[in-house]
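Read through the structure below, which is laid out as structure tokens, and then see the notes.
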Amino acid sequence: GLLLEGALFPDNTTFVDEAQTFTGTMGPSAADLEIDRYPLTVGNDATTIKGKLSWTGALDIDLYLVDPNGVRVASAATSANPETFEYVVRQPGGYTLEVTGFATLAASYTLIATVTRAIGAP
């Protein structure tokens, strides 16, 4: 089998990445007053969630992952462009991606969320 993040998967397991792209605009605002939320549902076969946030213009924005219990469990809060995180899924359900921050001028961003699924696993 294959040992991945503490879980043992059979030899015949295939890992598949499924990406979703979200786009938005962060308008002129004070820090963390504007929060854009994007729902992300993961099933029992999800192993990881990856987030990648990139933008154009003069922004200071951050990316957070909120679990089904409403707790922020991962973040990409740096000055890098793009910002990224990777989270090992501990429970299936409805997650939320949050983009927050501030901009001196309206600027657009792109968020790519990738869920890796284990196909063929019990």
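Take 343 as the starting number for the sequence shown in my numbering and just add one per residue. From the three backbone atoms N, C-alpha and C, an ideal C-beta is built for every residue, glycine too.
1) Identify, in the order they occur along the chain, each residue of the same chain with its Cβ nearer than 7 Å to the Cβ of Pro424, setting aside the five sequence neighbours on each side.
2) Could you tell me the alpha carbon to alpha carbon distance between Arg379 and Leu439, rounded to whole angstroms?
3) Looking at the unbroken beta strand (DSSP E) that takes in Gly355, where does it start and where does it end?
4) With a threshold of 16 other CB atoms inside 10 Å of the CB of Thr458, please say whether the residue is buried or exposed.
5) Figure out for me which residue from Val441, Val430, Tyr451 and Ala419 has the closest Cα to the Cα of Asn386.
6) Check whether the stretch 351–364 and the stretch 398–413 touch, using three or more Cβ-Cβ pairs below 8 Å as the test.
7) Rounded to the nearest angstrom, what separates Ala449 and Thr442 at their Cα positions?
8) Given a threshold of 16 other Cβ atoms within 10 Å of its Cβ, counted over all protein chains shown, does Thr365 qualify as buried or as exposed?
9) Is the beta carbon of Gly462 closer than 8 Å to that of Thr356?
10) What residue range is occupied by the uninterrupted beta strand (DSSP E) comprising Leu407?
According to the structure data:
1) Lys394, Leu395 and Ser396
2) 6 Å
3) Checking the displayed sequence, the identity of residue 355 turns out to be Thr instead of Gly. Here Thr355 belongs to no beta strand (DSSP E), and DSSP marks it neither H nor E.
4) buried
5) Val430
6) no
7) 13 Å
8) exposed
9) yes
10) Leu401 to Val408
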